[in-house]
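Numbering (our numbering), first residue to last: 14 to 89.
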């Protein structure tokens with residue numbers, strides 16, 4: 014990450030964790046397949062990030078990109 018302006022503050026964060034087994038158990042007990050349960054939990058986590066963007070078009074592009082990437086990761 015390169016910042017070329019003196020008056021800009023930049024931060025970076027990452028979150029890495031396994032899907033909570035209790036959440037998976039609950040969703041599985043409601044009839045969801047493992048992949049669908051994981052997708053639902055991860056999409057819920059990512060939706061908080063997507064909602065931070067105020068501009069609708071940016072939010073839509075980001076949501077679509079995350080959905081495609083999540084599909085590649087979970088579905089192979």
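Positions of the beta carbon are idealized from the N, C-alpha and C atoms, including for glycine.
In angstroms, rounded to a whole number, what distance separates the CA positions of residue i and residue j?
i, j, result
"residue 35", "residue 67", "33 angstroms"
"residue 39", "residue 56", "16 angstroms"
"residue 60", "residue 76", "8 angstroms"
"residue 29", "residue 58", "12 angstroms"
Buried or exposed: where does residue i fall if 16 or more other Cβ atoms within 10 Å of its Cβ makes it buried?
i, result
"residue 78", "exposed"
Which same chain residues end up closer than 6 angstroms to residue i when comparing Cβ atoms and leaving out the 5 residues on each side of it in sequence?
i, result
"residue 32", "51 and 54"
Within a Cβ cutoff of 8 angstroms, which residues of the same chain sit near residue i, ignoring the five residues on either side of it in sequence?
i, result
"residue 37", "47, 50, 51 and 54"
Does the segment 65-75 come close enough to the segment 33-44 to have 3 or more Cβ pairs within less than 8 angstroms? These segments do not touch.
For the segment 26-82, list the beta strand (DSSP E) runs that are entirely contained and at least 3 residues long, ordered along the chain. none
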